[in-house]
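The block underneath contains the structure these notes are about, expressed in structure tokens.
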Amino acid sequence: MNTLLPNQETMDKPMVLETKNLSLAFSEDGEEQVFSSISLRLHQGELLLLLGPSGCGKSSLALCLNRVYPSAIDSLVTGGVYLYGKSLEGQDPGEIAQQVGIVFQDVDSQFCMLKVEEELAFCLENIGCPREQISAKIDEALRLVDLTDWRSAHIHTLSGGMKQRLALACALALNPDVLILDEPTSNLDPLACSHLADLIHSIRKQRQMSILLIEHQLDAWMPYVDRLAVMGTEGKLVYEGEPRTYFANFKEEAQHLGIWMPGAVRLHEQLQIDREPSWQPLTRDELAELWLSKPDSVKRTLLQQLEQTDVSRSKLPDEGAADASGKEALLSVDSLSFERSGGQKILDRLSLSIPAGQFIALVGQNGAGKSTLAALLSGILEPSSGRITFSGRPLPDWPEKELRKRVGLIFQHPEHQFVTDTVYDELAFGLRLQKLSEEAVSDRVESLLEQYRLQHRRGFSPFALSQGQKRRLSVAAMLSEEQQVLLCDEPTFGQDAYSALELMNSLRARVDRGLTVIMITHDMELVQQFADRVIVLGERSIQWDGRPDALWDWPEEQLRAHKLVPPLSAHLKNKLRWALRRTQEICGEVIV
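The following block contains the structure:
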């Protein structure tokens, strides 16, 4: 497939940024080709969504657009990048950064100061902003991203989602003509994703700013996307045009590439009931409107299919899950509290019981303490008060080496756990500690390389991988050992659809064999599909503990208070039930 379809309405707008036959390689002979012959146009006020499988070169392309590549790394760039028709080659990097802003996929890599206000002030000072204007501009940028109360905070105390909002504030403070967003919602809770998409839409309309968006989580953005560009596995552009046209006509190609599709597209395709051949819904609202327009007989069929699709794996009761399960606790938490050094209380008298062989989703808004709880459960952090026991033994009584064999933690940022120089050695590291023969190590590593599609990166540095590949490596390295408990902090971060589902199926299979998985995630679709149990963390303690499907029956105001958005199937079930009840009230019909 190689389809380039112009959008006439967009093409009539002034062209702001353009690439012509742009190619990137990380060696002079071109052997390590990242992408090739990319020709793209970004018009004034346009939101262009760039999709592609993990590792195809999307982030590298973004870094070429403001000349971070080749300036910051040895690489071979051919072709051209043009801003308002003028080549960026040879232009001052500071001037380019002011016109073409970027929020990196790894936001930690772009911070250079200790405090929030210092980071913003540094950005503004670099462009020569008058001193008397800096404070007001900082206030405005923080207000836009809802970080006003954190102005004086140390950056290292922010959650991953808050850091992403700070990085966005830094970019917006410069008021660029073009803003590149690389996975901007990867660490944001569901409501924050929607708010960010709404915010970006509002800002680009006000400022006529052009947006290039690289994203896997599409639902919040689809109402605002003007055009879509798709890169293939070989780093070439395979589609450019209307989003609706692509998702209506090229679903098989998208699935083959591992591209995440909007939830409305996936669910409409999955149920295959009375589909409109000439029109493809892209958003929740479009799909709901389409289904609610159908006769009641079709509504009933849709509701029945949704009920069958969403049957929960779990046999747990609605609440009090662990207590009622009758299983002995593998991990037990009693009155756990944790405070940071400055006295900020993160968790307060939290109690929890976790049996073996459960898949638990730990959810809640940014800053709720999810990653902190995972670090406490793994023994990396020590509680301020309270007690954690593993297999009936207090966590501090376990020898470090023995505990690490039994309880694993996959960090939110995979770079933080790499300890070797190559992908192969990273996978072999834990196996060698077990004193296995080199032949046994090699067999196991080769199997993992193939399973996680890293066989062509075996000799690469872990730090040279794409974010999606880094995540696959960190998960594979941890799964190379046979722990009893595995804590996963955002395991699908940066993953394409194929990789994410492959990983989740792998974790699910391990749970079915007795592993306990505690997964921190903001993806409610994954929670519904894979988790036995969901724990909602908020207000420094547990607010909900029970089945995923029961959680979606929580009052809407409570879900919103914890920044949770039900999966699309649950949302549509409620819509269909309401519509059928209305029919019953009006006509006296009985709902089957």
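Using the UniProt record's numbering, you'd call the opening residue of the sequence shown number 1 and step up by one each time. Backbone N, C-alpha and C fix where the C-beta goes; we use that ideal spot for every residue, glycine too.
So, is Trp544 buried or exposed, given that buried needs 16 or more other C-beta atoms within 10 angstroms?
Locating residue 544 in the sequence shown gives position 544, counting from the first residue. The residue is buried, with at least 16 neighbouring Cβ atoms inside 10 Å.
My output table needs one value for Asn505: the three-state DSSP class, helix, strand or coil.
Indexing the sequence shown from 1 puts residue 505 at position 505. Three-state result, Asn505: helix.
Can you check which of these residues, Gly364, Trp260, Tyr82 and Cys587, is closest to Ser499 by C-alpha distance?
Working through the sequence shown from its first residue, we reach residue 499 at position 499. Looking from the CA of Ser499, the closest CA among Gly364, Trp260, Tyr82 and Cys587 belongs to Trp260.
If you scan the stretch 63-102 from start to end, which runs of the beta strand (DSSP E) of 3 or more residues do you find wholly inside it?
76-83
From Leu17 to Asp512, what distance separates their C-alpha atoms?
The residue labelled residue 17 in the question sits at position 17 within the sequence shown. The residue labelled residue 512 in the question sits at position 512 within the sequence shown. Their Cα atoms are separated by approximately 50 Å.
Relative to the C-alpha of Met209, which candidate in Cys112, Leu42, Asn66 and Glu252 has its C-alpha closest?
Working through the sequence shown from its first residue, we reach residue 209 at position 209. The shortest C-alpha separation from Met209 is found at Leu42.
In terms of residue numbering, what span does the beta strand (DSSP E) encompassing Tyr224 cover?
Walking along the sequence shown from the start, residue 224 turns up at place 224. Note, Tyr224: premise wrong, no beta strand (DSSP E); not H, not E.
Ignore the nearest five residues each way along the sequence and tell me which others in Gln344's own chain have a CB closer than 8 Å to its CB.
Position 344 of the sequence shown holds residue 344. Result list for Gln344: Thr157, in chain order.
Are there three or more Cβ pairs, one per stretch, closer than 8 Å when the stretch 342-357 is compared with the stretch 136-150?
Contact between the stretch 342-357 and the stretch 136-150 is absent: fewer than three C-beta pairs spanning the two stretches fall below 8 Å.
Using C-beta distances below 7 Å, list every residue in its chain close to Ala169, excluding the 5 sequence neighbours before and after it, in chain order.
What you label residue 169 is simply residue 169 of the sequence shown in a count that begins at 1. Closer than 7 Å at Cβ, skipping near neighbours: Leu120, Ala141, Leu142, Leu144, Val145 and Leu147.
Kindly list the residues whose CB is nearer than 8 Å to the CB of Asp323, restricted to its own chain and excluding five residues on each side of it in sequence; keep chain order.
On the sequence shown, residue 323 is found 323 positions in, with the first residue counted as 1. The predicted position of Asp323 is uncertain, since its pLDDT is 47 and thus under 50; a value taken from the coordinates is nonetheless stated next. Closer than 8 Å at Cβ, skipping near neighbours: Ser353.
Among Arg340, Pro93 and Met519, which has the Cα closest to the Cα of Trp377?
In the sequence shown, counting from the first residue as 1, residue 377 sits at position 377. The residue asked about is misnamed: residue 377 is Leu in this sequence, not Trp. Considering only alpha carbons, the answer is Met519.
Following the continuous beta strand (DSSP E) through Asn574, name the residue where it begins and the one where it ends.
Stepping through the sequence shown from its first residue, residue 574 is reached at position 574. Per DSSP, Asn574 belongs to no beta strand (DSSP E); it is in the alpha helix (DSSP H), Leu568 to Cys587.
For the beta strand (DSSP E) that contains Asn187, what are its first and last residues?
As a first step, residue 187 is located in the sequence shown; it is residue number 187 there, counting from the start. No beta strand (DSSP E) contains Asn187, which DSSP labels as neither H nor E.
Where does Cys56 land, buried or exposed, given buried means 16+ other C-beta within 10 angstroms?
Your numbering for residue 56 matches position 56 in the sequence shown. That one is buried.
In whole angstroms, what is the alpha-carbon distance linking Ala579 and Leu303?
Working through the sequence shown from its first residue, we reach residue 579 at position 579. Working through the sequence shown from its first residue, we reach residue 303 at position 303. Each residue's Cα considered, the two are about 11 Å apart.
Are the CB atoms of Gln469 and Ser54 within a distance shorter than 8 Å?
Taking the sequence shown and counting its residues from 1, one reaches residue 54 at position 54. Taking the sequence shown and counting its residues from 1, one reaches residue 469 at position 469. Their beta carbons are under 8 Å apart, which means Ser54 touches Gln469 by this criterion.
If I measure Cβ to Cβ from Ile96 and keep anything under 8 Å in the same chain, skipping five residues before and after, which residues do I get?
Position 96 of the sequence shown, counting from 1, holds the residue named residue 96. So the list reads Asn66, Arg67, Leu83 and Leu88, once near-sequence residues are dropped.
Do Leu218 and Leu48 count as a contact pair if the criterion is CB distance below 8 Å?
To locate residue 48, count along the sequence shown from 1; it is residue 48. To locate residue 218, count along the sequence shown from 1; it is residue 218. Not closer than 8 Å, so no.
Can you check DSSP and say which residues form a bridge with Ser210?
Stepping through the sequence shown from its first residue, residue 210 is reached at position 210. According to DSSP, which records beta bridges pairwise, Ser210 is partnered with Val178.
Which residue wins for smallest C-alpha separation from Tyr224, given the options Leu196, Ala248 and Lys236?
The sequence position of residue 224 within the sequence shown is 224, counting from 1. Among Leu196, Ala248 and Lys236, the Cα nearest to that of Tyr224 belongs to Leu196.
Does the stretch 233-253 come close enough to the stretch 34-41 to have 3 or more Cβ pairs within less than 8 Å?
yes
Pull up the distance between the alpha-carbon of Leu166 and that of Thr78, whole angstroms please.
Taking the first residue of the sequence shown as 1, we reach residue 166 at position 166. Taking the first residue of the sequence shown as 1, we reach residue 78 at position 78. Taking the straight line joining both Cα atoms gives about 33 Å.
Rounded to the nearest angstrom, what separates Ser337 and Gln584 at their Cα positions?
One-based indexing of the sequence shown puts residue 337 at position 337. One-based indexing of the sequence shown puts residue 584 at position 584. Approximately 50 Å, taken between the alpha carbons.
Roughly how many angstroms separate the alpha carbons of Asn366 and Glu482, rounded to a whole number?
In the sequence shown, counting from the first residue as 1, residue 366 sits at position 366. In the sequence shown, counting from the first residue as 1, residue 482 sits at position 482. In a straight line, the C-alpha of Asn366 is about 31 Å away from that of Glu482.
Counting only runs that start and end within the stretch 331-360, where is the beta strand (DSSP E) found for 3 or more residues in a row?
Complete beta strand (DSSP E) runs here, min 3: 345-355.
What did DSSP end up calling Val527 once you bin it into helix, strand or coil?
For the purposes of this step, residue 527 is identified with residue 527 of the sequence shown, where counting begins at 1. Residue state, collapsed to three classes: helix.
Between Cys193 and the rest of its own chain, which residues show a CB-CB distance below 7 Å, the 5 nearest in sequence each way excluded?
Along the sequence shown, read from residue 1 onward, the residue named residue 193 stands at position 193. The answer, listed in chain order, is Thr185, Gln217 and Ala220.
Whole angstroms is fine: what's the gap from Leu572's alpha carbon to Ala264's?
Within the sequence shown, numbered from 1, the residue matching residue 572 stands at position 572. Within the sequence shown, numbered from 1, the residue matching residue 264 stands at position 264. Each residue's alpha carbon lies about 10 Å from the other.
In terms of DSSP beta bridges, what is Leu50 paired with?
Here residue 50 corresponds to residue number 50 of the sequence shown, with the count starting at 1. BP columns for Leu50 point to Ile214 and Ala229.
Decide if Lys370 is buried, meaning its Cβ has at least 16 other Cβ atoms within 10 Å, or exposed.
Stepping through the sequence shown from its first residue, residue 370 is reached at position 370. Buried: at least 16 other Cβ atoms inside 10 Å.
By DSSP, does Glu242 sit in helix, in strand, or in coil?
Within the sequence shown, residue 242 is the residue found at index 242, counting from 1. Correct three-state label for Glu242: coil.
Taking DSSP as the reference, what is the three-state secondary structure of Ile155?
Within the sequence shown, numbered from 1, the residue matching residue 155 stands at position 155. Ile155: helix per DSSP, three-state reduction.
Gln379: which of Gly357, Arg406, Val363 and Leu507 sits nearest, CA to CA?
As a working note, residue 379 is residue 379 in the sequence shown. For the sequence presented, residue 379 should be read as Gly rather than Gln. Residue Arg406 is the option with its Cα nearest to Gly379.
Taking C-beta to C-beta, are Asp189 and Ile102 nearer than 8 Å?
Translated into the one-based positions of the sequence shown, residue 189 becomes position 189. Translated into the one-based positions of the sequence shown, residue 102 becomes position 102. Not a contact, by the Cβ cut-off of 8 Å.
Could you check how far apart the C-beta atoms of Gly514 and Gly408 are, in whole angstroms? I think they sit under 8 Å.
For the purposes of this step, residue 514 is taken as the residue at position 514 of the sequence shown. For the purposes of this step, residue 408 is taken as the residue at position 408 of the sequence shown. No, Gly514 and Gly408 are not in contact; Cβ-Cβ is about 14 Å, not under 8 Å.
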